[in-house]
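Trainee: Numbering (the numbering used here), first residue to last: 10 to 179.
Each residue gets a CB set at the ideal place from its N, CA and C atoms; glycine is no exception.
My questions all concern the structure below.
Structure (structure tokens):
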């Protein structure tokens, strides 16, 4: 999945979680979600975040390969434990964005090694509901995510929470 699709689909998940679990939809939450949604690709040096990692992605890719440890539930749990020790809208978003990325890649043709390092084999659902990165199916996911996100933001308190969080900062 491309970075833009990871970001938008994770923001859609985060908006739903915010709406139904009363987590304020603030600028910090949105920024945390966006960063978390690309963070697992720190294991690929030519990814959106890898290009901005000052060489860290190259090292992680050499050690774990792409879609290795950083795409596992174990890594997400570690990130989430760290985030829970520093509770804020930003860290909640970071954790949600991270798992959103893993969910997105789970449905790709390549899948993800959910149980890495115990089981290194990638998991994904049956091939009839998977997509190819950069393909038409991914474009449909992006468009659907944008539509759902806009509906959730415009239909309810999310837009008010976001505007209020911006006003509080300035």
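Among 168, 24, 37, 30, which residue has its Cα nearest to the Cα of residue 97?
Mentor: To locate residue 97, count along the chain shown from 1; it is residue 88. Of the listed residues, the one whose Cα sits closest to residue 97 is 37.
Trainee: Between residue 26 and residue 32, is the Cβ-Cβ spacing less than 8 Å?
Mentor: Position 17 of the chain shown, counted from the first residue, corresponds to residue 26. Position 23 of the chain shown, counted from the first residue, corresponds to residue 32. For residue 26 and residue 32, yes; Cβs fall inside 8 Å.
Trainee: Return the chain-ordered ranges of every alpha helix (DSSP H) run that is complete within the region 61-139 and spans a minimum of 4 residues.
Mentor: When DSSP assignments are scanned along the region 61-139, the uninterrupted stretches of alpha helix (DSSP H) that are 4 or more residues long and fall wholly within it turn out to be 65-73, 82-93, 98-115.
Trainee: I'd like to check one pair, residue 51 with residue 79: are the Cβ atoms closer than 8 Å?
Mentor: Within the chain shown, the letter at position 70 stands for residue 79. Within the chain shown, the letter at position 42 stands for residue 51. Yes, the pair counts as a contact, with Cβ atoms nearer than the cut-off.
Trainee: Using C-beta distances below 7 Å, list every residue in its chain close to residue 165, excluding the 5 sequence neighbours before and after it, in chain order.
Mentor: Residue numbering aside, residue 165 sits at position 156 when the chain shown is read from its first letter. Correct list, in chain order: 28.
Trainee: Using a Cβ-Cβ cut-off of 7 Å (strictly less than) and excluding sequence neighbours within five positions of residue 108, which residues of its own chain qualify?
Mentor: Taking the first residue of the chain shown as 1, we reach residue 108 at position 99. So the qualifying residues of the chain are 85.
Trainee: Which of the three DSSP states, helix, strand or coil, is assigned to residue 12?
Mentor: In the chain shown, counting from the first residue as 1, residue 12 sits at position 3. DSSP places residue 12 in helix when its eight states are reduced to three.
Trainee: For residue 75, which residues of its own chain have a beta-carbon under 7 Å away from its beta-carbon, when the five flanking residues on both sides are left out?
Mentor: Within the chain shown, the letter at position 66 stands for residue 75. Closer than 7 Å at Cβ, skipping near neighbours: 52, 53.
Trainee: Please state the DSSP three-state secondary structure of residue 58.
Mentor: Residue mapping note: residue 58 aligns to position 49 of the chain shown, counting from 1. Residue 58 falls in the coil class under three-state DSSP.
Trainee: Which residues mark the beginning and the end of the alpha helix (DSSP H) in which residue 39 is found?
Mentor: As a first step, residue 39 must be located in the chain shown, where it is residue number 30. It spans 36-47 - the alpha helix (DSSP H) in which residue 39 sits, taken as one unbroken run.
Trainee: If you run the structure through DSSP and keep just helix, strand and coil, what is residue 143?
Mentor: As a position in the chain shown, residue 143 is number 134, starting the count at 1. Here residue 143 sits in coil by DSSP.
Trainee: Between 129, 12, 22, which has its C-alpha nearest residue 160's C-alpha?
Mentor: Walking along the chain shown from the start, residue 160 turns up at place 151. Closest by alpha carbon: 22.
Trainee: For residue 35, which residues of its own chain have a beta-carbon under 6 Å away from its beta-carbon, when the five flanking residues on both sides are left out?
Mentor: Translated into positions along the chain shown, residue 35 becomes position 26. So the list reads 98, 174, once near-sequence residues are dropped.
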